[in-house]
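Trainee:
Shown next as structure tokens:
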């Protein structure tokens, strides 16, 4: 059976993009807490989500979620210490955690450890902390090459089916990454894909054409158990028809 195309929300600019995504995140989070007592959220790293995280700390929005019942996880991490400028955890701490009125429970990836150890430790943590049904929401960005989390085109990590978390060396970046694998990312009630900027326009057009081919991009291998939604700005959507 062919799956219906996921909802595509096109917003005029980054502030509108962040606002729409924040509203959806808060809606999903409040529902999760009301129904199951906690909101299990996997965060994205990179540059795009920072505006979303900062918006969530504003008085208008921060009070709409019981942050004490939020459980934060990370989709990926660089192999660096938590205070390193490249650390996803540091970005999240500075843009979100330091300003929230109430601290959520944070499960960071220990990027300061050897990569394989960091991956094994995080896998063990997920087995004990994450509900059997998986995440309530996975937040992802999209790289110009089609990567999600730290799952890059051509990586052996894309073929991993047993381990929830792996360490992966990325040759073009000459660096190690620790990343959730596709089965883990797919085990979620909701996915939000956040895409901003003209430099993402070509890959977004490629993905949304939905043409099957022999070598799918990592984002095209994403098949969540629940709902997937695209939130993109006008620059990223310049090559596709307006949907929202």
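Residue numbers (the numbering used here): 8 to 251. C-beta: ideal position from N, C-alpha, C; glycine also. Since the structure is predicted, the reported quantities are computational estimates derived from the model, not experimental observations.
Whole angstroms are fine: how far does the CA of residue 40 sit from the CA of residue 237?
Mentor: Taking the first residue of the chain shown as 1, we reach residue 237 at position 230. Taking the first residue of the chain shown as 1, we reach residue 40 at position 33. So the alpha carbons of these two residues sit roughly 23 Å apart.
Trainee: State buried or exposed for residue 207, treating a residue as buried only when at least 16 other CB atoms are found within 10 Å of its CB.
Mentor: The sequence position of residue 207 within the chain shown is 200, counting from 1. Label assigned to residue 207: buried.
Trainee: Please list, in chain order, all residues of the same chain as residue 251 whose beta carbon is under 7 Å from its beta carbon, the five residues on each side excluded.
Mentor: Looking up residue 251 in the chain shown gives position 244. Model confidence at residue 251 stands at a pLDDT of 46, short of 50, so the residue's coordinates are unreliable; what they give is reported in the following sentence. The answer, listed in chain order, is 15, 16 and 17.
Trainee: Per the contact definition of three or more C-beta pairs closer than 8 Å, is the segment 101-119 in contact with the segment 154-171?
Mentor: no
Trainee: Identify, in the order they occur along the chain, each residue of the same chain with its Cβ nearer than 8 Å to the Cβ of residue 29, setting aside the five sequence neighbours on each side.
Mentor: The sequence position of residue 29 within the chain shown is 22, counting from 1. Within the same chain, and ignoring the five residues on either side of residue 29 in sequence, the residues whose Cβ sits closer than 8 Å to its Cβ are 59, 62, 63 and 68.
Trainee: Please state whether DSSP places residue 251 in a helix, a strand or coil.
Mentor: Locating residue 251 in the chain shown gives position 244, where the first residue counts as 1. Because the pLDDT of residue 251 is 46, which lies under 50, any placement of that residue in the model is unreliable, and the number read from its coordinates should be weighed accordingly. Coil.
Trainee: Over the uninterrupted alpha helix (DSSP H) stretch that includes residue 209, give me the two end residues.
Mentor: Position 202 of the chain shown, counted from the start, is the residue given in the question as residue 209. 208-215 is the span of the alpha helix (DSSP H), which, as asked, contains residue 209.
Trainee: Provide the residue(s) that pair with residue 175 in DSSP beta bridges, ordered along the chain.
Mentor: As a working mapping, residue 175 is identified with position 168 in the chain shown. Answer is 184, bridged to residue 175.
Trainee: Which runs of the beta strand (DSSP E) at least 3 residues long sit entirely within the segment 9-52? Give them in chain order.
Mentor: Under the rule that a run must span 3 or more residues, the beta strand (DSSP E) segments found entirely inside the segment 9-52 read 15-18 and 46-50.
Trainee: Work out the CA separation of residue 96 and residue 167 for me, nearest whole Å.
Mentor: Here residue 167 refers to the residue found at position 160 of the chain shown. Here residue 96 refers to the residue found at position 89 of the chain shown. Roughly 24 Å separates the two Cα atoms.
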